[in-house]
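Everything below concerns the one structure shown next.
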Amino acid sequence: MKLVILDRDGVINEDRDDFVKNTMEWQPLPKSCDAIANLTQAGWHVVVATNQSGIGRGLFDMHALNAMHEKMHRLVGQAGGRIDAVVFCPHTADDQCRCRKPQPGMVEDIMARFNVRGEGLPMIGDSLRDLQAIAAVGGRPLLVKTGKGLRTLEKGGLPEGTQVFDNLFAAADYLINLEN
């Protein structure tokens, strides 16, 4: 099975320092829905793994999160793509949970649900914690320069073998062409 894990904020949609809290603030990045459609049409399963500490902080509730994800699914569907699952961590960093990236809990959950191994499993993210979560299971970290990506790249300390792309569209194109 060809499966790719995507971070949400800064990879699929615009990121905000004050958190994306509702459907009005959830705005797709240029060509991100097309990128997911291209992956889907090339036989890839797409899963989103996203830290959503805004829930734990009381900035928005599950109704708002579900509405944002419904919008994401709708826009991706209109582009001809599909997101197979969305996995999220509602906790704050203070909660010391296993699911919040950079911990690998969400990635391990996805691996179990889809019966895939971590070795070589690609994850596309814009922050160091995304890359660390996938590297912890032997996966393939892909950094995009959107969202916090440029800052992440400038800070350095990326996991070994991290590949860097301008955006989700370029990373998706790379994965698709890797198979051909």
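Start counting the sequence shown at 1; every next residue gets the next number (our numbering).
Think of the CB as a built atom: it goes at the ideal place given N, C-alpha and C, for glycine as much as any other residue.
Given the structure is predicted, the values throughout are model-derived calculations rather than measurements.
Per DSSP, cross-strand counterpart(s) of residue i
i, result
"L142", "I124, Q163"
"P28", "N13"
"H73", "In DSSP, H73 forms no bridge with anything."
Range of the contiguous beta strand (DSSP E) that encloses residue i
i, result
"A85", "85 to 89"
"V116", "Careful: V116 lies outside any beta strand (DSSP E) and carries neither H nor E."
"L3", "3 to 6"
Collapsed DSSP secondary structure at residue i in the structure displayed
i, result
"T152", "helix"
"L59", "coil"
"V107", "helix"
"T23", "coil"
"T40", "helix"
"A49", "strand"
"G54", "helix"
"R98", "coil"
"R82", "coil"
"D158", "Checking the displayed sequence, the identity of residue 158 turns out to be Leu instead of Asp. If DSSP states are grouped into helix, strand and coil, L158 belongs with coil."
"D34", "helix"
"D130", "helix"
"A93", "helix"
"A136", "coil"
Range of the contiguous alpha helix (DSSP H) that encloses residue i
i, result
"A171", "168 to 178"
Expected contact under 8 Å - CB spacing of residue i and residue j to nearest Å
i, j, result
"G147", "D126", "4 Å"
"V107", "I36", "That belief does not hold up - the Cβ atoms of V107 and I36 are roughly 19 Å apart, past 8 Å."
"L150", "L131", "That belief does not hold up - the Cβ atoms of L150 and L131 are roughly 14 Å apart, past 8 Å."
"K21", "G58", "Not a contact, Cβ separation roughly 11 Å."
"L168", "V46", "Contact doesn't hold; Cβ gap of about 10 Å is too wide."
"L29", "N13", "6 Å"
"A133", "K101", "4 Å"
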